[in-house]
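For reference, the structure is listed below as structure tokens.
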Amino acid sequence: MTHRRCVGVMGLGHVGLPTALGFAELGWTVVGTDSDESKVAAVTSGAPPFFEPGLEELLRRHLASGRFRALPDVGETVRQAEILFICVGTPHCEDGSADLSQIEGAARVVAENLNAYKLIVEKSTAPVMTARWMERAVRRYDDGRHEFEVACNPEFLREGTAVQDFLHPDRVVIGAGSDKARSWLCELYAPLGRPMLITDLNTAEMIKHASNAFLALKISFINMVSDLCEAAGANVKDVATGLGLDPRIGSHFLQAGLGYGGFCLPKDLKAFIHLAEELGVNFALLREVERINQSRIERLVGKVQQALWVLKDKRLAVWGLAFKPQTDDIRDAPSLNVVRRLRQAGASLRLYDPAAAAEFRRVFPEEPGRLVYCASAIDAAQGADAVLVLTEWPEFREMNWRQVRECVALPIVVDGRNCLDAASLAAEGFEVYRMGEASPAPKEVKV
Ligand code: UDX
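First residue of the sequence shown? That's 7 in the working numbering, and the numbers climb one at a time after it.
Next up, the structure:
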């Protein structure tokens, strides 16, 4: 009978918690920990510390099955686990490089608690060579008393579909230097029955960074095509469909709009550019990808100005604050810069998001009359001079536009994600501004 190895997960955030519970779902015994005790307490009580579809159900199931436990003691987690996944944060420093202090901290704790052979697996996205640095750090603080190895198994989890992504991955990438490490990791993932790519450490790290950089590149590419469509009178959605039908290009990540945000794409791109510079490689292409993405904010604000001319004292409904639907995450969300810009212009804002309002409120507290949070999209639209859509939540697509028409002051919609149904809006007489489309002709004013 195969020995059931205990899996440890350090860091119970957007990567760590779905990973821990995913392994429990595959039948492994998992212990998880986090340096933030409140997170451990929340997880222990059955409440994930952030919103992620399907996660709470999985958490409750595996607290009950006994296959998952959250431990407040990081050292104890290391001692219990034979395979340890490092899922701590890798934010970026001022200069764009990855801040690896949490990874280094985790390596030290592992070293101080080694009690037998451990396979330490880097799962957080980190620059090439990080696994090598981890190896050195553990060796330094452990004084060579115990055997261990470092492997790299990058995550490809998207927020909003992290559970599904774990259980049905397109590929599992395993970077490891020994047969033992490779076979342990292959065994862990075997129940998934998905393709596995086995590489060396540096290659596995590079695959992750290059993947995210390529996704960002695709988005910026379609956004420039969208500007061109706007100038030339072509339809960017149809252009994207036409491009995507070529399997060499693929249809995903060709949705033009307000650009990419979130905790991964922007920071991973920055870190990749920084790494290229450090290694003496001129990857100017990626700087352009960043610049294009930043320019989306002014592009959207420009559309609001085309619709309303002066923004000072205009009442705007802002629908959608999360960096994408199905998450309450606002880290690096385009909405942050849009709201900042509209406030500078003196507009008064009525904000609504189905999940992310509480997070947003921490950055922009309520200011009566100038910036208020609303309980529903309809509430936000009350008396609005324009409705702005910044995140493509499904409920916005399904709005009753007759009802919206009855409560707004002016029938103007700026669709920053090109997600609304043109026909339903037109039927109610809305003037709609889209990304990649020339502005509608101004309505004749009856005198
Ligand atoms: C990303 C990667 O997709 C995932 O593989 C990795 O593990 C973590 O980083 P995530 O940050 O959850 O996942 O977001 P993702 O779904 O990639 O979207 C990123 C941003 O791009 C969002 O703001 C989204 O709105 C935007 N986007 C996406 C577009 O603007 N257009 C598109 O066509 C697709």
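Glycine residues also receive a C-beta, built at the ideal position from the N, C-alpha and C atoms. None of the values given here were measured: they were computed from a predicted structure.
Own chain, CB closer than 6 Å to leucine 273, minus 5 neighbours either side, in chain order
Looking at the sequence provided, one finds lysine at residue 273 rather than leucine. Cβ within range, chain order: His98.
Anyone know if the C-beta pair for alanine 392 and valine 419 falls short of 9 Å?
One thing to note: alanine 392 has its Cβ within 9 Å of the Cβ of valine 419.
Quick one, which of Leu322, Gln261, Val287 and Gln312 has its alpha-carbon nearest asparagine 299's?
It is Gln261 whose Cα lies nearest to the Cα of asparagine 299.
Identify every residue that forms a DSSP beta bridge with serine 184.
Under DSSP, serine 184 shares a beta bridge with no residue.
Does the distance from the C-beta atom of glycine 150 to that of glutamine 86 stay below 9 Å?
The Cβ atoms of glycine 150 and glutamine 86 lie no closer than 9 Å to each other.
Taking the alpha-carbon positions, what's the alanine 444 to proline 340 distance?
CA-CA distance, alanine 444 to proline 340, rounds to 22 Å.
Let me know the secondary structure DSSP gives threonine 35 once reduced to three states.
Threonine 35: strand per DSSP, three-state reduction.
Mind checking which residues open and close the alpha helix (DSSP H) that includes isoleucine 255?
Element bounds for isoleucine 255: n/a, residue is neither H nor E.
Looking only at DSSP bridge pairs, what is leucine 207 linked to?
The partner list for leucine 207 (beta bridge, DSSP) is empty, contrary to what the question assumes.
When every heavy atom of the ligand UDX is checked, does at least one fall within less than 8 Å of the C-beta of tyrosine 266?
Tyrosine 266 Cβ: within cutoff of the ligand UDX.
Specify the secondary structure class of valine 242 as computed by DSSP and reduced to three states.
In the three-state reduction of the DSSP assignment, valine 242 falls in the helix class.
Report yes if the CB atom of arginine 177 is closer than 9 Å to the CB atom of leucine 203, and no otherwise.
Taking C-beta atoms as the reference points, arginine 177 and leucine 203 count as a pair closer than 9 Å.
Which of the three DSSP states, helix, strand or coil, is assigned to tryptophan 399?
Here tryptophan 399 sits in coil by DSSP.
Three-state class that DSSP yields for arginine 356 in the structure shown:
In the three-state reduction of the DSSP assignment, arginine 356 falls in the strand class.
On a Cα-Cα basis, can you pick out the residue from Glu437, Val84 and Trp34 that is closest to tyrosine 195?
Of the candidates Glu437, Val84 and Trp34, the one whose C-alpha sits nearest the C-alpha of tyrosine 195 is Trp34.
I need the DSSP call for methionine 202, collapsed to helix, strand or coil.
Strand at methionine 202.
Does the distance between the C-beta of aspartate 334 and the nearest non-hydrogen atom of the ligand COA fall short of 8 Å?
Among the ligands modelled here, namely the ligand UDX, the ligand COA does not occur.
Comparing C-alpha positions only, which one of Arg254, Ile255, Pro253 and Phe227 sits nearest to valine 242?
Taking only the C-alpha atoms, the option nearest valine 242 is Phe227.
My output table needs one value for arginine 368: the three-state DSSP class, helix, strand or coil.
Looking at arginine 368 - three-state DSSP - the assignment turns out to be helix.
Assuming leucine 106 and alanine 132 form a contact by the criterion Cβ under 8 Å, report the distance between their Cβ atoms to the nearest whole angstrom.
At roughly 6 Å, the Cβ-Cβ gap stays under 8 Å, so leucine 106 and alanine 132 are in contact.
Roughly how many angstroms separate the alpha carbons of aspartate 233 and glycine 263, rounded to a whole number?
Computed Cα separation, rounded: 10 Å.
Tell whether a beta-carbon distance below 9 Å holds between leucine 173 and leucine 198.
In this structure, leucine 198 lies closer than 9 Å to leucine 173 by Cβ.
Closest residue to aspartate 335 among Arg11, Glu365 and Phe220 (Cα-Cα distance):
The candidate whose alpha carbon is nearest that of aspartate 335 is Glu365.
With DSSP as the reference, label isoleucine 418 as helix, strand or coil.
Reduced to three states, the DSSP call for isoleucine 418 is strand.
Go ahead and pull the three-state DSSP assignment for glycine 248.
In the displayed model, glycine 248 falls within a helix according to three-state DSSP.
Of all the options Gly22, Ala53 and Leu32, which has the alpha carbon lying nearest to the alpha carbon of threonine 39?
It is Gly22.
Residue of Val134, Arg200, Gly326 and Ala351 minimising C-alpha distance to alanine 387:
Across the set Val134, Arg200, Gly326 and Ala351, the C-alpha of Gly326 shows the shortest separation from the C-alpha of alanine 387.
heavy atom of the ligand UDX below 8 Å from aspartate 421 C-beta:
No - the ligand UDX has no heavy atom lying nearer than 8 Å to the Cβ of aspartate 421.
Give the DSSP-derived three-state secondary structure of cysteine 380 in the structure shown.
Correct three-state label for cysteine 380: coil.
If you reduce the DSSP assignment to three classes, tell me which class tryptophan 315 lands in.
Here tryptophan 315 sits in coil by DSSP.
For tryptophan 399, count neighbouring Cβ atoms within 10 angstroms of its own Cβ and tell me buried if that reaches 16, exposed if not.
Around the beta carbon of tryptophan 399, a 10 Å sphere encloses 16 or more other beta carbons of the protein chains shown; the residue is thus reported as buried.
Cut-off 8 Å between Cβ atoms - residues of its own chain near aspartate 427, not counting five sequence neighbours on either side
These residues qualify, in order along the chain: Arg403.
Of the residues Phe436, Gly422 and Thr96, the one placed nearest glutamate 412, counting alpha carbons only
Measuring from the Cα of glutamate 412, the nearest candidate turns out to be Phe436.
Just list the beta strand (DSSP E) runs in the segment 71-109, keeping only unbroken ones of 3 residues or longer that don't cross its boundaries, in chain order.
You should have 74-76 and 89-92.
Could you tell me if threonine 247 is buried or exposed, where buried requires 16 or more neighbouring beta carbons within 10 angstroms of its beta carbon?
Note on threonine 247: under 16 other CB atoms within 10 angstroms of its CB, so exposed under the neighbour-count rule.
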